[in-house]
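Note sheet for the following structure.
In this note's numbering, the protein residues as written are 145 to 260.
As structure tokens, this is what we get:
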């Protein structure tokens, strides 16, 4: 496999009826957090706490149901200036590979707590 190409796997098994867990919104939320954690580590920022909520807006467009927006609301407490934390948040938003792979608009609405 090429050096700049990776392969990921997923398995799925039908368990009857019309039941499944939809992980579309969760995948964007988890990827954003993972990207943010890596960026904070690379920039030497100590994370004190992180939690986030994500919601997807499902709409009918041209007679088809699609997620038009995903809103991720991270709540972050870290030891650094708010300006530096915002810079890192913006960097993570631009680098999140799952969000970049979606045609759905992903919006980040962070809440930053002073961390000292």
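Backbone N, C-alpha and C fix where the C-beta goes; we use that ideal spot for every residue, glycine too.
Looking from the CA of residue 255, the closest CA among 205, 221, 212 belongs to 221. For residue 208, the enclosing beta strand (DSSP E) covers residues 208-223. Under DSSP, residue 249 forms a beta bridge with 213. Each residue's CA atom was taken as its position, placing residue 228 and residue 180 some 13 Å apart. When the five nearest sequence neighbours on each side are left out, no beta carbon in the same chain lies closer than 6 Å to the beta carbon of residue 166.
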